[in-house]
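See structure below.
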Ligand code: AMP
Ligand code: MG
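Residue numbers (this note's numbering): 1 to 401.
In structure tokens form, the structure reads like this:
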């Protein structure tokens, strides 16, 4: 049996090396970028008019001119016009190129337009040179790094990639994942369980979680039959990069999973962690290119192990930079008598000082997965303490967004 910190280290040292794939821009949301994205031109690419109004030469205004003859209209998307004759102006639209020779734009709100006489009178006492003109290259220069590799792609990244003309992006290739439940007592959700049976649920929770990471998975179920399990898991191992199992790793007479995985050449990295729930967790690697997470079947155990261990591992495997461990403040005193890391189910809220508080949500142990409905995280209470006081800060493992 090992401690939580060792287990975390072993898992995070066992990341898979996934390839990169080119994916069309409309399919990259939520994927991990594996290339740098550079500016192809200056941002903005020309002196851009920022407000609808008139463009003038500031020297005319300083010389006392307030009323200007309108010499034309510079629309967005048209070639740059030239403001030539002193004492004239050009009407300009947002997004247009600032006319050559103009050095300030006065917005329509500050101008009186006489449409009949084609005159524009500025209503301001003072104008500032350069106002309402977004100068070429002031945001970014051509060749500047805009988005760096290992970024999680959201809609701002998609907008920036589109603006530099990228129709595809290089992202991490999604791994192929098999989710497996084991146990004779488990029936399909469409079936009505006999009095000695229950419907299997863990696999659907994991499938849904993976979907949120943009990863598709295949679900399988096998009964506690050692030779059948060996044959089935062998096929799955051949066809998938990652296998997530639930059940069959404890001390029971029918807990065949560790023995079967061993027989199939999956190297055990550890079995059992000094924690609750999820103590019987088994973790192994095959030939450095397949990883097996075999979680205990109790729904809360599977759920905790998935969030505590699998999520940081898959993020690292996908190429994301590790984010800082989140913390929260315990909202009530609590005592945990056993000397192990205890993952306390909590409901979090933000207090008036803007701090994240974690209030215990007491359930009936790791089989009580309905209790997950009223919580949103686990608080990681270390094993070297028995009394935990209100106000103390601990690691927070959130499972809702
Ligand atoms: P095991 O880890 O196989 O000893 O299972 C521990 C407990 O979790 C048993 O009560 C199982 O019935 C239950 N269990 C195992 N797998 C699942 C599953 N996929 N969905 C719901 N409950 C499960
Ligand atoms: Mg079982």
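Beta carbons are placed, not taken as given, at the ideal position from N, Cα and C, and that holds for glycine.
Since this is a predicted model, take the numbers as computed values, not measurements.
Exercise. Relative to ligand 1, is the shortest distance from any of its heavy atoms to the C-beta of residue 225 smaller than 8 Å?
Worked result: no
Exercise. If you count every other CB in all the chains shown that lies within 10 Å of the CB of residue 324, and 16 or more means buried, which is it?
Worked result: exposed
Exercise. Should residue 397 go down as buried or exposed, given a rule of 16 or more other Cβ atoms within 10 Å for buried?
Worked result: buried
Exercise. Straight-line CA distance for residue 101 to residue 53?
Worked result: 16 Å
Exercise. Does the count of Cβ pairs from the stretch 290-300 and the stretch 369-389 closer than 8 Å reach three?
Worked result: yes
Exercise. Closest to residue 182 by CA distance: which of 230, 127, 265 is it?
Worked result: 230
For this session: Locate the alpha helix (DSSP H) running through residue 233, then write down its first and last residues.
Result: 226-239
Problem set entry | Cβ pair count under 8 Å reaching 3, the stretch 152-161 against the stretch 11-29 | yes
Exercise. Do residue 344 and residue 360 come within 9 Å of each other at the CB atom, strictly closer than that value?
Worked result: yes
Exercise. Between which two residues does the alpha helix (DSSP H) harbouring residue 202 extend?
Worked result: 202-212
Exercise. Can you find a heavy atom of ligand 1 that lies under 8 Å from the Cβ of residue 260?
Worked result: no
Exercise. So, does the CB of residue 276 fall closer than 9 Å to a CB anywhere in chain B?
Worked result: Reference to chain B is not applicable here, since this structure consists of a single protein chain.
Problem set entry | Pairwise C-alpha distance: residue 35 and residue 255 | 44 Å
Problem set entry | Through-space distance from residue 206 to residue 293, alpha-carbon basis | 12 Å
Exercise. Do you know whose CA, among 75, 347, 63, lies nearest residue 55's CA?
Worked result: 75
Problem set entry | Proximal residues to residue 61 (C-beta, below 8 Å), its chain only, five neighbours per side dropped | 104, 122, 127
Problem set entry | Counted within 10 angstroms of its Cβ, other Cβ atoms place residue 139 as buried (16 or more) or exposed | exposed
For this session: Find the nearest neighbour of residue 245 within the set 239, 222, 267, judged by alpha-carbon distance.
Result: 222
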